[in-house]
Amino acid sequence: MRKPNLTDDERHRIVCLLFESCKNGKPAHEKVQEVAATFNVTRRCVSKLWTAAQKQREELLPINVRSKIPGKTGKERLPCPIEEIMALEVSKRSTLKRLGLAIGHAPSTCRRWVKQVGKLVFNRLLRCLKFKDMSHVIHIDEKWFYMTKPSCKYYIGSNETEPYRSCKSKRYITEVMFLVAVSRPTYEENGDVLFDGKLGIWPFTYQEPAKRNSKNRVAGTMVTKAIESINKQVTKDTLINLLIPAIKQKWPASASKEITIQQDNVKPHLSGKEKDFIEAATSDGFNIKLTQQPAMSPDLNILDLGFFRSIQSLQDENQAKNVEELVKNVQDAYERETVECLDNVWLSLQACMVEMMKMKGHNNYKLPHLRKAAQRLQGTLPRDLVVDEELVKECIQFLITRGLITDLGQLMLDLGIQVPF
């Protein structure tokens with residue numbers, strides 16, 4: 031690698047050292063070698079500086095050994111319009127050509143900016159790194175809700191009869207699977223709730239007429255029953271006929287219609303490439319895409335982080351005697367759930383991501399406790415968590431050493447530049 035040119039200060043110091051060691055108007059030979067080694071240059075370079083300074087001294091001119099290499103020359107390079115790039119949709123930043131067309135610059139200029147991003151912008155961005163708002167992400171998941179618990183605890187008086195429940199075994203307890211979809215709540219500037227984040231909860235049930243008379247109903251009465259086997263067709267019908275219409279109906283008009291639905295990796299889930307799903311997801315100005323959450327990472331799903339447990343606690347307050355009552359209890363519990371509870375779980379998700387970064391991707395960590403309720407009362411609860419600068423550097427270096435990041439600048443552009451992880 032070529033050594034950088036000497037600065038004007040270094041050139042002046044070399045000349046001063048040579049004049050200090052002069053004997054009979056000439057510097058000692060070993061002194062020239064010593065100065066050359068000190069400044070890591072050749073002896074010829076030192077001799078040229080001495081010759082120029084000696085000539086100026088003989089002509090009684092002020093000694094000037096400044097470099098004659100021109101400074102800034104040529105056309106000034108355009109600065110990287112980071113804010114303008116960040117404002118673009120991700121779809122317009124998939125290639126350098128598309129990025130150039132979107133901001134009105136040549137692809138070669140964009141390529142130069144990409145190379146500069148890692149050096150010029152990375153350290154500045156780390157000073158205020160935060161998680162993205164995640165307001166465009168929808169989390170969906172399924173959960174079994176049961177008619178009753180296998181074991182229950184009650185406080186009864188000495189004269190009361192213990193509750194009795196007849197069931198062959200706990201395997202025969204009626205259960206219904208529900209699909210739940212939530213997004214992050216959004217607020218107005220004055221703190222009022224603009225969107226509560228609850229998109230809907232749908233049971234996997236069907237109705238059929240009763241086959242015979244009983245003390246509860248007559249034959250032919252429509253009875254609700256649980257779908258015991260959930261396959262891909264059932265999932266597709268629910269997403270296309272229930273979830274997507276609910277998104278289009280409840281989604282805030284001011285929010286971006288570029289929406290991502292995160293789901294886990296079970297087999298009945300769609301891949302997002304089905305033709306009928308794409309037609310429904312890209313109509314009415316929306317662009318809804320499906321994505322899979324990382325495998326073996328249940329803490330990266332909002333619903334498994336505590337929202338399901340909160341719904342179940344409310345549902346257990348009311349006893350159900352049939353499937354209709356169970357469905358009603360679960361849906362009522364979902365509607366009763368507070369916006370603050372859902373918003374708290376999103377902060378828990380960000381805290382889990384921080385812990386995963388500390389463990390370099392492993393999930394052998396303890397769920398962090400942020401005292402969200404206390405901070406909310408004090409008015410100090412942040413909207414998004416700030417990430418430590420050194421932690422981000424360690425994680426990116428960890429990925430680079432394992433060959434998972436080949437172009438840091440391009441990665442930052444793909445992720446929106448604001449959050450390089």
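Going letter by letter, the sequence shown gives residues 31 to 451 in the numbering used here.
Glycine residues also receive a C-beta, built at the ideal position from the N, C-alpha and C atoms.
Start and end residues, beta strand (DSSP E) containing V167: Taking the first residue of the sequence shown as 1, we reach residue 167 at position 137. That run of the beta strand (DSSP E) goes V167 to Y176.
Please return the same chain residues whose Cβ sits closer than 7 Å to the Cβ of V384, not counting the five positions on each side in sequence. In the sequence shown, counting from the first residue as 1, residue 384 sits at position 354. The residues are L415 and V417.
Neighbourhood of T204 by C-beta, 6 Å cutoff - its chain only, sequence neighbours within 5 removed: By 1-based counting over the sequence shown, the position of residue 204 is 174. M177.
Under the rule that 16 or more other beta-carbon atoms within 10 Å means buried, what is A249, buried or exposed? In the sequence shown, counting from the first residue as 1, residue 249 sits at position 219. A249 comes out exposed.
Could you spell out where the alpha helix (DSSP H) holding F234 opens and where it closes? Taking the first residue of the sequence shown as 1, we reach residue 234 at position 204. Run containing F234: none; DSSP gives neither H nor E here.
Would you call the stretch 389-404 and the stretch 249-258 touching, i.e. three or more CB-CB distances under 8 Å? no
Out of V253, S196, E219 and Q292, which one is the CA nearest neighbour of V210? For the purposes of this step, residue 210 is identified with residue 180 of the sequence shown, where counting begins at 1. The option with the nearest alpha carbon to V210 is Q292.
Length-filtered (3 minimum) beta strand (DSSP E) runs lying within the stretch 213-296: 223-225, 228-233, 235-239, 252-256 and 288-293
Given this structure, state the Cα-to-Cα distance separating V360 from L269, to the nearest angstrom. Working through the sequence shown from its first residue, we reach residue 360 at position 330. Working through the sequence shown from its first residue, we reach residue 269 at position 239. Taking the straight line joining both Cα atoms gives about 19 Å.
Please state whether the Cβ-Cβ distance between I318 and I274 is less than 9 Å. By 1-based counting over the sequence shown, the position of residue 318 is 288. By 1-based counting over the sequence shown, the position of residue 274 is 244. Yes, the pair counts as a contact, with Cβ atoms nearer than the cut-off.
With a Cβ-Cβ cutoff of 9 Å, do V212 and T235 count as a contact? Position 182 of the sequence shown, counting from 1, holds the residue named residue 212. Position 205 of the sequence shown, counting from 1, holds the residue named residue 235. Cβ atoms of V212 and T235: not closer than 9 Å.
The stretch 330-349 touching the stretch 164-171, judged by at least three CB pairs closer than 8 Å: yes
Under the rule that 16 or more other beta-carbon atoms within 10 Å means buried, what is G227, buried or exposed? Residue numbering aside, residue 227 sits at position 197 when the sequence shown is read from its first letter. That one is buried.
Decide if C158 is buried, meaning its Cβ has at least 16 other Cβ atoms within 10 Å, or exposed. To locate residue 158, count along the sequence shown from 1; it is residue 128. Residue placement at C158 cannot be trusted, given a pLDDT of 34 that sits under 50; the coordinates are not used to answer.
Using the DSSP secondary-structure output, state which residues sit across from M207 in a beta bridge. By 1-based counting over the sequence shown, the position of residue 207 is 177. Paired residue(s): W174.
Alpha carbons only, please: which of W281, M326, K266 and E354 is nearest the one belonging to K255? For this step, residue 255 is matched to residue 225 along the sequence shown. Taking only the C-alpha atoms, the option nearest K255 is E354.
Does DSSP put I99 in a helix, a strand or coil? Stepping through the sequence shown from its first residue, residue 99 is reached at position 69. DSSP places I99 in coil when its eight states are reduced to three.
I44 - DSSP class collapsed to helix/strand/coil: Sequence index remark: in the sequence shown, residue 44 carries index 14 (1-based). I44 falls in the helix class under three-state DSSP.
Here's a check: name, in chain order, each residue in its chain whose Cβ is nearer than 8 Å to the Cβ of K388, leaving out the five neighbours to either side. As a working note, residue 388 is residue 358 in the sequence shown. Cβ neighbours of K388 beyond the five flanking positions: Y395 and L421.
Do you know how far the Cα of C110 is from the Cα of H59? On the sequence shown, position 29 is the one that residue 59 refers to. On the sequence shown, position 80 is the one that residue 110 refers to. So the two alpha carbons sit approximately 51 Å from each other.
I'd like the ranges of any alpha helix (DSSP H) spanning at least 4 consecutive residues and lying wholly in the stretch 310-378. 337-345 and 353-366
Just verifying my parser: in three-state terms, what is the DSSP assignment at C425? Counted from its first residue, the sequence shown places residue 425 at position 395. In this structure, C425 counts as helix in the three-state DSSP scheme.
Among C425, R413 and I430, which has the Cα closest to the Cα of K162? Taking the first residue of the sequence shown as 1, we reach residue 162 at position 132. The shortest Cα separation from K162 among C425, R413 and I430 belongs to R413.
Counting C-beta neighbours from all protein chains within 10 Å, is the total for C382 16 or more, i.e. buried, or is it exposed? For the purposes of this step, residue 382 is taken as residue 352 along the sequence shown, with counting starting at 1. Under this definition C382 is a buried residue.
Cα-Cα separation, C425 to M326: Position 395 of the sequence shown holds residue 425. Position 296 of the sequence shown holds residue 326. Straight-line Cα distance between these residues: approximately 20 Å.
Suppose the cutoff is 7 Å on Cβ atoms and the five residues either side in sequence are ignored; what does the same chain contact list for V95 look like? On the sequence shown, position 65 is the one that residue 95 refers to. Result list for V95: R41, H42, V45, L79, A82 and A83, in chain order.
Between I93 and N35, which are expected to be in contact by the criterion C-beta below 8 Å, what is the C-beta distance as a whole number of angstroms? Here residue 93 corresponds to residue number 63 of the sequence shown, with the count starting at 1. Here residue 35 corresponds to residue number 5 of the sequence shown, with the count starting at 1. About 19 Å separates the two Cβ atoms, so there is no contact after all.
For C197, which three-state DSSP category applies? The residue you call residue 197 lines up with position 167 of the sequence shown. The answer is coil: DSSP assigns C197 none of H, G, I, E or B.
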